[in-house]
Amino acid sequence: MLEGIDGAGTTTQLARLADHLEAQGRRVHRTFEPSTGPIGRLVRSYLKGELTTAPGALALLFAADRLDHVSREIEPALASGQIVLSDRYVGSSFAYQGLASSPAWLRSLNRYARRPDLVLYVRVDADTALARIERRDGDRRELFEHRETLARVVDAYDALYCGPSPEWPAIVIDGSRLPEAVFADIDFAVRSVLSD
Ligand code: TYD
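Position in the sequence shown (from 1) plus 103 gives the number in our numbering.
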C-alpha cells in the first residue's frame, strides 16, 4: 500500500511499480481508495464539494468503502494469486480523518480491515506537494488540498509512521526527489518482501 499526502506522487509511483512488476511476469492488481464502488463514488462527491457532511460521517464512509473495497476487490485478487497495490488504505483515514476524529474511534472503525504486507509512506512537505498540485490542477482544489490542512496531515502521517515503534509499521521514502530516485527506493523495499 502506498500512503502520502495529496501531491506526494503515490499515483505515479504505483503505476510505475505495477508496470515494473508486470514486466517481471508477475500478476498485479492496481487499485486505490476511495474505491470505484458505490460508497467510494459517494465519498468522491464529498471530496469535490458537491455534497457536505459532518467529518465523523465522512470517516464512517471511508471505513465502509474500505471494507467494501477489501471484500469486493482486494480479497478476490489476492485469492487469484495477484499482487495487490493500493494507492491509499487505512493510513489515510488515520492521517486525514485524524484531523477531526479520535485515533481510538478510527482504530475501532478500521479494525476489520486486513493488515497489508507492506506500507510505503512517500513523504513530502506541504509546500512541495502544493506546488505539484498547482502544476497539475491549476486552481481546482479538493477538500483537503490546502496548505494548512496538508501540513497537518504531514504531521499526522509522521506521527503514525516515523516514531520509534509505530503501531502501523511503514517504510518511509523521501518523495521530494526525482521520480527515478523515489522509485529506486520503492523497488528495493518491495523486493525485500517478495519471495523469488
Ligand atoms: P487522491 O488519492 O488524491 O485521489 P485523486 O487524485 O483522485 O483526487 O484523493 C483522495 C482524497 O481522499 C485525499 O485528499 C485523501 C482523502 N482520503 C481520506 O481523507 N481518508 C481516506 O481514508 C482515504 C482513502 C482518502
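The beta carbon of each residue, even a glycine, is placed where N, CA and C say it ideally should be.
What you are looking at is a predicted structure, and each value in this text was computed from that prediction instead of being measured.
Residue i lies in the beta strand (DSSP E); which residues open and close that run?
i, result
"residue 177", "Residue 177 -> no beta strand (DSSP E), and no H or E assigned at all."
"residue 133", "131 to 135"
"residue 189", "186 to 190"
Does DSSP classify residue i as helix, strand or coil?
i, result
"residue 250", "helix"
"residue 297", "coil"
"residue 153", "coil"
"residue 228", "coil"
"residue 283", "helix"
"residue 277", "strand"
"residue 221", "coil"
"residue 214", "coil"
"residue 203", "coil"
"residue 270", "coil"
"residue 139", "coil"
"residue 159", "helix"
Can you have a look at residue i and say buried or exposed, based on whether 16 or more other CB atoms are within 10 angstroms of its CB?
i, result
"residue 179", "exposed"
"residue 215", "exposed"
"residue 207", "exposed"
Check this for me: beta carbons of residue i and residue j, under 8 Å apart or not?
i, j, result
"residue 160", "residue 260", "no"
"residue 196", "residue 213", "yes"
"residue 192", "residue 275", "no"
"residue 169", "residue 140", "no"
"residue 221", "residue 292", "yes"
"residue 116", "residue 285", "yes"
Check whether the Cβ of residue i sits closer than 7 Å to any heavy atom of the ligand FAD, and report yes or no.
i, result
"residue 183", "Among the ligands modelled here, namely the ligand TYD, the ligand FAD does not occur."
Can a CB atom of chain B be found closer than 8 Å to the CB of residue i?
i, result
"residue 238", "Among the chains of the structure shown, chain B does not appear; only one protein chain is present."
Taking the alpha helix (DSSP H) that residue i belongs to, which residues open and close that run?
i, result
"residue 193", "193 to 199"
"residue 300", "Examination of residue 300 is not possible in this model, given that the chain is present from 104 through 299 alone."
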